[in-house]
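Engineer:
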Amino acid sequence: MMQPSELDGPPLPYTALSVTGLFHQNVLKYSKTLALVCTHQPSDLYRISSTGNDNLIASYLRWTYQDLDCAIERFANGLRSLGLRSGDPLVMFMTNTAEYVISLWAAYRIGCVHVPINPRSLSHTQEIEHMLQTVMKGCHAQSLTIIAGHADMCLQIEDLVSGMDCTKILVDGLLDGWNSFGDLMQETAGAAQTEWYGDCDQSSESSIFFTSGTTCLPKGCFIQTSACPFTIAMSWRQSNQPMFPGDRFALVLPNNHAFGYQCLISTFLNAATIVFPGSGFIPEAVVQGIQRERCSHTAFVPTMVHALGNCNLGADQKLSSLRRVVLAGAPPTEEVFKICLERLGAQGVENLYGMTEGILVSSNVLGDASDIVNGREISIGSPLPGAKIRVCAESSRVPVPVGTAGEVHFSGPSLIKEYIRQANDDRFYTDEDGRRWFCTGDKAILGKDDRLYLIGRYKDTIIRGGENIEPSAIEATLGQTVEFHVLEPQIVRAPDHIAGEVPIAIVNQEITERTALRLKETIRAKMGTLFVPVGVVPVQSLGLKSYPRTMAGKIQKSKLEDLMKTYWGKRKPQPCNKLQTRSLLESQLKRAWAQLSGFRDASLIDVDAGLTAFVSDVNLGPLQQKMWKEWASNVLFSDWVAASSIAAEVQLIEKAQSDQPADLECSNTRSDKFRQYPGSQIVHSLLSAIAEVKGGQINPDTRIIDLGIDSIMSIGILSRVHKETGFSVPSSLFFTPKTVGAICDYLRSTSNPADLLDLGKLTDDSCGHSCFSTLLQGTPKPGVPSLFLTPPGSGYAFSYEPLPKFANDIAVYSLGSPFLMTKSETTWTVEEAAAIYIKTILSLQPQGPYILGGWSMGAITAYEIAYQLHQQGERVLGVINLDMPLPRSDTSTPEPTVKLLEIMGFYPPIRREGKPDMEIPAYRRQHSLSSVRAKMKYAPHPISTSDNPNPVQIYVIWAGHGDPDRLPSMMLEAKKILEEHGPQTQKRTDQEWLKIPRESFGPGGWAEMVGEENVECHVIDHADHDSMMDPEVVQYTADLMQIAIDKWLSI
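Per the UniProt record's numbering, residue 1 is the first one in the sequence shown, and the count goes up by one each step.
#1: Between the stretch 223-240 and the stretch 4-17, do at least 3 Cβ pairs fall closer than 8 Å?
#2: What residue range does the beta strand (DSSP E) around Asn-364 cover?
#3: Tell me whether Glu-980 sits in a helix, a strand or coil according to DSSP, three-state version.
#4: Buried or exposed: Asp-442, going by 16 or more other Cβ atoms within 10 Å of its Cβ?
#5: Quick one: what does DSSP say Asp-450 is sitting in, helix, strand or coil?
#6: What are the start and end residues of the beta strand (DSSP E) that includes Met-527?
#7: Quick check: Ile-682 and Leu-585, are their CB atoms within less than 8 Å of each other?
#8: Could you compute how far the alpha carbon of Ala-859 sits from the alpha carbon of Val-482?
#9: Name, in chain order, the residues that DSSP records as bridge partners for Glu-999.
#10: Between the Cα of Tyr-1036 and those of Asn-179, Pro-804, Val-507, Thr-440, spot the shortest distance and give me the residue it belongs to.
#11: On a CA-only basis, which of Gly-83, Arg-85, Leu-45 is nearest Leu-68? Give me that one, please.
#12: Does DSSP put Arg-324 in a helix, a strand or coil?
#13: Run the CB neighbour count on Pro-818, radius 10 Å, all protein chains shown included, and call it buried at 16 or more, exposed below.
#14: Indicate whether Gln-490 and Ile-511 have their beta-carbon atoms separated by less than 8 Å.
#15: Tell me, please, whether the stretch 945-960 touches the stretch 1002-1016 by the rule of three or more beta-carbon pairs shorter than 8 Å.
#16: Use the C-beta contact count for Lys-655: other C-beta atoms within 10 angstroms, 16 or more gives buried, fewer gives exposed.
#17: Consult DSSP for Phe-734 and reduce its assignment to one of helix, strand or coil.
#18: Specify whether the stretch 1009-1029 and the stretch 774-785 touch according to this definition: at least 3 beta carbon pairs, one from each stretch, less than 8 Å apart.
#19: Please classify Asp-88: does DSSP put it in a helix, a strand, or coil?
#20: At what residues does the beta strand (DSSP E) containing Asp-1024 begin and finish?
#21: Ignoring anything shorter than 3 residues or poking outside the stretch 395-478, list the beta strand (DSSP E) runs there in chain order.
#22: Are Phe-75 and Phe-268 touching if we call contact CB-CB under 8 Å?
#23: Count Cβ pairs between the stretch 393-400 and the stretch 335-351 that sit closer than 8 Å; are there 3 or more?
#24: Using the Cα positions of Gly-795 and Ser-928, report the straight-line distance between them to the nearest angstrom.
#25: Three Cβ pairs or more, each shorter than 8 Å: is that satisfied between the stretch 285-304 and the stretch 138-151?
#26: Excluding sequence positions up to five away, which residues of its chain have a Cβ less than 6 Å from the Cβ of Arg-720?
#27: Is the Cβ-Cβ distance between Trp-593 and Pro-495 less than 8 Å?
#28: Considering only C-alpha positions, which residue in the set Tyr-867, Ser-931, Gly-1002 is nearest to His-941?
#29: Just to confirm before moving on: does the CB-CB distance between Ile-880 and Gly-848 stay below 8 Å?
#30: Name the DSSP beta bridge partners of Cys-263, please?
#31: Within 10 angstroms of its Cβ, does Tyr-100 collect 16 or more other Cβ (buried), or is it exposed?
#32: Can the beta-carbon of Val-537 be found closer than 8 Å to that of Gln-3?
#33: Closest to Val-113 by C-alpha separation, out of Asn-364, Asp-88, Leu-972, His-130, would be which residue?
#34: Would DSSP call Glu-377 helix, strand or coil?
#35: Label Gly-816 either buried or exposed according to how many other C-beta atoms from any shown protein chain fall within 10 Å of its C-beta, with 16 as the threshold for buried.
#36: Thr-989 and Glu-979 - do their beta-carbons sit closer together than 8 Å?
Below you can see the structure in the form of structure tokens.
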């Protein structure tokens, strides 16, 4: 049985001291240690000069713990003089300055509630009013005290607090009605220092932070200082890159963010130094501050890292003093880690996953990107001291098995009890042991390495044709490329009448068509066709100048999605784009010139080179005339012969096409034959539909099967072609190994619509060295094997599409035969097919262990793959065999033919739920024949089980009806019928052999290959061989497959 997805952090030692008590201990023990550096403030601020013992002479503020303590006590006395008492809220609109640090500690010292709010958010009136009301209600306060950093904030604040009992303090400047911060810092402002720290307890130290509010108004969170900072401080103190007293932490994060606050307080609890290299984030100032102060720790959000990466740092200017760079605030990418370690020169990076509600998970400090990156996933590590996580099924509180995607639930001392004034929020709950938990809404998996991997958010998940797409994964992949990172791509859903939902990329500026194509191609290459956005839309097209943001600066994706639904619903079908047209036309002209001139390889022709590079001067004129008649009779002949290159010829054809009526404007066929041949219309419609669905430039030399057009895409494409042209094209088009250009040539060359249904002429002379693959369902996960299914005798990759989704979200890949619709299909062997499948499997999952499976002929191929992988030293957990006994040679069996198999009942109609049955296409019949021939020639080899601690398992799922052992005798009977009645006969053999109840359900011979103890058999009583994927059977098939998968994943 698999372990549940639960993980505990190390114990958190109890301390009776408050944060202020611990700070006082550090003041006494490390009085001359540097506590605060502000590079943008004067060294004698409030006439407190540094009493430190380091030798650095600076013109900016550098206070020791003794100096900072003096400043805090002065201001605390000043606040007391204004009447502030324990429990009163102290609201701060301040940037990172000494005054902010003084105010924070002074608030704790007298028991006030510390409430930092970003000054830039003052323009968000509704949100600020809501936040101030939340503070008043949460503190049960009748009045507010507000500190403003600059005088230019005061007018806005006065409007907001009009009618409230409010004490106002101004740091920079003098204004009527406002108390001067400087006056409150006078030594005479209060009584002499007393032992205040003895009266402070943990319950009197608290802060209020607000969530970012991307979908609603910000929620207030009471943070107890006895939890969050203690937890992080201890983690840093005990890590592999420990924080020591006197270490320096460069802090550039906004102080109203819980992340920035936790870094600040935790640093002080470790008697280290906070360095403010400016009041905000300026990359050059940050670099200079870290270098001058020799900072050993810092914290960034990923966008800051990209900005710093653009700084021109020489080899001797790298930030090599940094032992720890903490990343948080947004999911980082592998590129972000590499910038920190390689470009900036940091020694280690810590990935900290947290939320304002008090969630804390950390990867610890890692010195290599490979230590934290697993495939496409980035580890966020493990819970910090005292914390616990669970990964539960959505809308459940029961942990899922390890390796299964679910929602992150968090519990720990840092977790808030509830949102202020929202006691009934069901995201918080208490378990049977009395532990308080929070449902984060984040989707993650717990790997077998006991590390958590964040893969998205449930509310953002796009469900395309039943498959889950995580926008954050696409955004993270694009973020690894500088060209796309600057566009801040936001992936949102749009409705689709076939797929249900599809991903759209919104970018922050207008971009060229080429950039959009590169963006899509990047996702296709790195993630697969399923994840490619169907459109790239500038935010300006949605009627906005820039992204809508919360006052915390987070993009409001819900607003973008609402706008996108309206925009996408009004869009018109996309015509074939000019880049695609030009590429196809260039390829066609190159092939035509090569054929006429006798040039051996058309791919070697440079379209920009002169025609005489591959045509002699003598032959140039006559060949130009032939090309003009065939391709450009609507171009002036004098212009045509003046064109010196293929590129120039393309421009002439494009210009002639642009002069045609609108319906021919983007035709990528010979315009003079557009009306004459229906195939030309189909080419135009087909390429336009593919361009809209695929969104990338279509290389005419690409095999159409390699475009990765799945069944959902093909439905939409062929529906559009039929609607626009009135002609039907078979879906087998997308599974041919012919190139796009060759298919266009074939379609254009026919004037008989009936010929469009005959794709037999498209077969290649040979197959490639790879096979088509498609992700049918699930999410590829680091450390978790995927299930690879090889096709039955039809070779069809989507034979397994009816399988319902497996409970553990395992990635299920279906492979298509590399010999489908090729002239090689009559000669291939099981061994050759397995070798090609292995190449594709290794490209999708480079490391084992592996889980394989197949139905009918696919089970034989899956076994051979297991054998070859075993021979290569790879580990195979098992093979799921759907109703196929061990093949045995029989010399008396006649040579099979399509007609022979048809007489035996080998080609039952394809059953489609809610739709009429459909005959098996001719190309799949031919492949079934070649599969039978390959099976008859196959002699499987045993997989050695001696001294093998992990033997290959075979899990056989038998159909309860049918007798496959009668196959040789039935072929003899079919041969006799064929000989007696001729090739046109409709007579069939007795079909009872396919339907009679099976009498024995043993290992089926497979025990000879792997040992009897490694074969497990199950039966679906009401199934026959051909019905394993039928609607009334497939759920039973999937349930048994699930048992095998769960068993093997638990090994």
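For glycine and all other residues, C-beta sits at the position ideal for the given N, C-alpha and C.
Structural biologist: The short version:
#1: yes
#2: Against the sequence shown, residue 364 aligns to sequence position 364. From DSSP, the beta strand (DSSP E) with Asn-364 extends over 359-366.
#3: In the sequence shown, counting from the first residue as 1, residue 980 sits at position 980. Here Glu-980 sits in helix by DSSP.
#4: Residue 442 sits at position 442 when you count from the first residue of the sequence shown. That one is buried.
#5: Position 450 of the sequence shown, counted from the start, is the residue given in the question as residue 450. DSSP places Asp-450 in coil when its eight states are reduced to three.
#6: By 1-based counting over the sequence shown, the position of residue 527 is 527. Unbroken run through Met-527: none, as it is neither H nor E.
#7: In the sequence shown, residue 682 corresponds to position 682, counting from 1. In the sequence shown, residue 585 corresponds to position 585, counting from 1. Taking 8 Å as the Cβ cut-off, Ile-682 and Leu-585 do not qualify as a contacting pair.
#8: Taking the sequence shown and counting its residues from 1, one reaches residue 859 at position 859. Taking the sequence shown and counting its residues from 1, one reaches residue 482 at position 482. Their backbone Cα atoms lie some 45 Å apart in a straight line.
#9: Within the sequence shown, residue 999 is the residue found at index 999, counting from 1. The partner list for Glu-999 (beta bridge, DSSP) is empty, contrary to what the question assumes.
#10: Looking up residue 1036 in the sequence shown gives position 1036. When each option's Cα is compared against that of Tyr-1036, the closest is Pro-804.
#11: Here residue 68 refers to the residue found at position 68 when the sequence shown is read from its first residue. With distances taken between Cα atoms, Leu-68 lies closest to Leu-45.
#12: Along the sequence shown, read from residue 1 onward, the residue named residue 324 stands at position 324. Note: Arg-324 maps to strand in three-state DSSP.
#13: Here residue 818 corresponds to residue number 818 of the sequence shown, with the count starting at 1. By the neighbour-count rule (16 or more Cβ atoms within 10 Å), Pro-818 is buried.
#14: For this step, residue 490 is matched to residue 490 along the sequence shown. For this step, residue 511 is matched to residue 511 along the sequence shown. It is not a contact, given that the beta carbons lie outside the stated cut-off.
#15: yes
#16: Reading the sequence shown from its first residue, position 655 is the one you call residue 655. When all chains shown are included, Lys-655 counts as exposed.
#17: Numbered from its first residue, the sequence shown carries residue 734 at position 734. Three-state result, Phe-734: helix.
#18: no
#19: As a first step, residue 88 is located in the sequence shown; it is residue number 88 there, counting from the start. Reduced to three states, the DSSP call for Asp-88 is coil.
#20: Locating residue 1024 in the sequence shown gives position 1024, counting from the first residue. Asp-1024 -> beta strand (DSSP E) spans 1015-1024.
#21: 406-411, 428-430, 436-446, 452-457, 462-464, 467-469
#22: Here residue 75 refers to the residue found at position 75 when the sequence shown is read from its first residue. Here residue 268 refers to the residue found at position 268 when the sequence shown is read from its first residue. Against a cut-off of 8 Å, the Cβ pair of Phe-268 and Phe-75 comes out as no contact.
#23: no
#24: As a working note, residue 795 is residue 795 in the sequence shown. As a working note, residue 928 is residue 928 in the sequence shown. Their Cα atoms are separated by approximately 7 Å.
#25: no
#26: The residue labelled residue 720 in the question sits at position 720 within the sequence shown. Correct list, in chain order: Ala-689.
#27: Residue mapping note: residue 593 aligns to position 593 of the sequence shown, counting from 1. Residue mapping note: residue 495 aligns to position 495 of the sequence shown, counting from 1. No; because the gap between Cβ atoms is not below 8 Å, this pair is not in contact.
#28: Position 941 of the sequence shown, counting from 1, holds the residue named residue 941. Checked all of Tyr-867, Ser-931, Gly-1002; the closest Cα to His-941 is Tyr-867.
#29: The residue you call residue 880 lines up with position 880 of the sequence shown. The residue you call residue 848 lines up with position 848 of the sequence shown. No, they are not a contact pair.
#30: Numbered from its first residue, the sequence shown carries residue 263 at position 263. According to DSSP, which records beta bridges pairwise, Cys-263 is partnered with nothing at all.
#31: Counting from 1 along the sequence shown, the entry for residue 100 is found at position 100. Tyr-100 should be labelled buried.
#32: Within the sequence shown, numbered from 1, the residue matching residue 537 stands at position 537. Within the sequence shown, numbered from 1, the residue matching residue 3 stands at position 3. Not a contact, by the Cβ cut-off of 8 Å.
#33: If you number the sequence shown from 1, residue 113 lands on position 113. Checked all of Asn-364, Asp-88, Leu-972, His-130; the closest Cα to Val-113 is Asp-88.
#34: Looking up residue 377 in the sequence shown gives position 377. Glu-377: strand per DSSP, three-state reduction.
#35: In the sequence shown, residue 816 corresponds to position 816, counting from 1. Answer is buried; the Cβ neighbour count reaches 16.
#36: Taking the first residue of the sequence shown as position 1, residue 979 is located at position 979. Taking the first residue of the sequence shown as position 1, residue 989 is located at position 989. In this structure, Thr-989 does not lie closer than 8 Å to Glu-979 by Cβ.
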